[in-house]
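What follows is a short report on a single structure.
Residue numbers (this note's numbering), protein chains in the order written: chain A, 223 to 432; chain B, 1241 to 1348.
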């Protein structure tokens, strides 16, 4: 295998890497060839010393997929483990620091997008809440209308039967509205909560399990 | 896979860290120096070096040379030095443990 075969084979094996990372790594190998050729080695010799492209690519991809510690066959023995444990325990590598839960960072564009979305959504949510509140107030006014009628009777001494019938209707309407406002309240609360949760998720990024 | 390859892979990181600790070195120089001591696929060096840089154990800088392409030098960071010392201690302990075991076995 000569240089160009090695390079193209390695490059194709590394296609899973992001382009800039791949080209950086390929530059490293190109430079290696340049230095080695300068030292009077043949391309075949260099390729032989470099090793199998597929295995090298695996090495490079493995590093990237999870920045894990390589399998240390001389790894730390976990604390408290008896010295006489089977040799199979030896490769127990230390827990990589990367095992902690990590969050994928949100791009600045996400924050900007959220800002403008909220510029629109916040007044909309406020309007919804105001709507819900108005229903609740109307319900309360309907239900308590007999009290207002009594007040009028107590202070003005006037009593009109028409108003008494009107109050009857108002109480009925008030009860309907009260039921309606209960639904409105629970739904608007749910909507607000889930919108808030979505915002937090979008801003914080998604939790990655490694 | 040949168990020997796994041995060498584990040792490669220590060798590289110690070599960079001695003085700043560039990729090909490292490959040469490592090959003097252990027989290893030199190509495995570059992914390893990238990982060391990503993990903050090394930094790189470019230096023009009179002949050939510019050389990418690797320099050990203070964090890398701590990492190296930790690995060396682990290594020594492991080697002595295995040696003891082998010695004990040879007496049987």
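For each residue, glycine too, the CB sits at the ideal point set by N, CA and C.
Starting from residue i, find everything on chain A with Cβ-Cβ shorter than 8 Å and list it in chain order.
i, result
"residue 1325 of chain B", "Residues of chain A passing the Cβ test: none, with the nearest at roughly 14 Å."
Show which residues of chain B have a CB atom less than 9 Å away from the CB atom of residue i.
i, result
"residue 253 of chain A", "1266, 1267, 1268, 1308, 1309, 1310, 1311 and 1312"
"residue 247 of chain A", "1286, 1287 and 1290"
"residue 273 of chain A", "1280, 1281, 1282, 1283 and 1284"
"residue 278 of chain A", "1281, 1283, 1284, 1286 and 1287"
Mind reading off the beta-carbon distance from residue i to residue j? Whole number of angstroms is fine, and I expect it under 8 Å.
i, j, result
"residue 1280 of chain B", "residue 1259 of chain B", "About 13 Å separates the two Cβ atoms, so there is no contact after all."
"residue 364 of chain A", "residue 410 of chain A", "Not confirmed; about 20 Å, so no contact."
"residue 275 of chain A", "residue 232 of chain A", "4 Å"
"residue 257 of chain A", "residue 1308 of chain B", "6 Å"
"residue 357 of chain A", "residue 403 of chain A", "4 Å"
"residue 1321 of chain B", "residue 1261 of chain B", "7 Å"
"residue 1283 of chain B", "residue 278 of chain A", "4 Å"
"residue 386 of chain A", "residue 361 of chain A", "Contact flag wrong, Cβ pair sits at about 20 Å."
"residue 1254 of chain B", "residue 1328 of chain B", "6 Å"
"residue 389 of chain A", "residue 371 of chain A", "5 Å"
"residue 1324 of chain B", "residue 1257 of chain B", "4 Å"
"residue 1297 of chain B", "residue 1272 of chain B", "Contact flag wrong, Cβ pair sits at about 21 Å."
"residue 272 of chain A", "residue 228 of chain A", "7 Å"
Taking DSSP as the reference, what is the three-state secondary structure of residue i?
i, result
"residue 1303 of chain B", "strand"
"residue 283 of chain A", "helix"
"residue 1315 of chain B", "strand"
"residue 1251 of chain B", "helix"
Count the other C-beta atoms from every protein chain shown that fall within 10 angstroms of the C-beta of residue i, then say buried if there are 16 or more, exposed otherwise.
i, result
"residue 251 of chain A", "buried"
"residue 344 of chain A", "exposed"
"residue 1304 of chain B", "exposed"
"residue 223 of chain A", "exposed"
"residue 367 of chain A", "buried"
"residue 423 of chain A", "exposed"
"residue 1249 of chain B", "buried"
"residue 307 of chain A", "Residue confidence for residue 307 of chain A is low, a pLDDT of 41 falling below 50, so the modelled location carries little weight; the figure read from the coordinates is stated next. Exposed is the call here."
"residue 268 of chain A", "buried"
"residue 1286 of chain B", "buried"
"residue 335 of chain A", "exposed"
"residue 311 of chain A", "Residue placement at residue 311 of chain A is poorly supported in this model, since its pLDDT is 41, which falls under 50; the coordinates are not used for a value here."
"residue 255 of chain A", "buried"
"residue 464 of chain A", "Here chain A comprises residues numbered 223 to 432, so residue 464 of chain A is not present and cannot be evaluated."
"residue 1326 of chain B", "exposed"
"residue 1347 of chain B", "exposed"
"residue 379 of chain A", "exposed"
"residue 1332 of chain B", "exposed"
"residue 1345 of chain B", "exposed"
"residue 1341 of chain B", "exposed"
"residue 247 of chain A", "buried"
Residues of chain A with a CB under 7 Å from the CB of residue i: which are they?
i, result
"residue 1276 of chain B", "What residue 1276 of chain B touches in chain A: nothing, since even the nearest Cβ is about 12 Å away."
Note down, in chain order, every chain B residue with its Cβ under 8 Å from the Cβ of residue i.
i, result
"residue 256 of chain A", "1308 and 1309"
Taking Cβ-Cβ distances shorter than 9 Å, what residues in chain A pair up with residue i?
i, result
"residue 1349 of chain B", "Nothing can be reported for residue 1349 of chain B: it is not among the residues displayed for chain B, which extend from 1241 to 1348."
Taking residue i as the query, report the chain B residues whose CB atoms sit under 7 Å from its CB, ordered along the chain.
i, result
"residue 281 of chain A", "1284 and 1287"
Following a CB-centred definition, is residue i positioned closer than 7 Å to any heavy atom of the ligand GTP?
i, result
"residue 369 of chain A", "In the structure shown, the ligand GTP is absent, as is every other ligand, since no ligand is present at all."
Quiz item: Okay, do the stretch 1257-1272 of chain B and the stretch 1305-1320 of chain B touch, 3+ Cβ pairs below 8 Å being the bar?
Solution: yes
Practice problem: Examine the Cβ distances between the stretch 274-283 of chain A and the stretch 1287-1299 of chain B and report whether three or more of them are shorter than 8 Å. | Solution: yes
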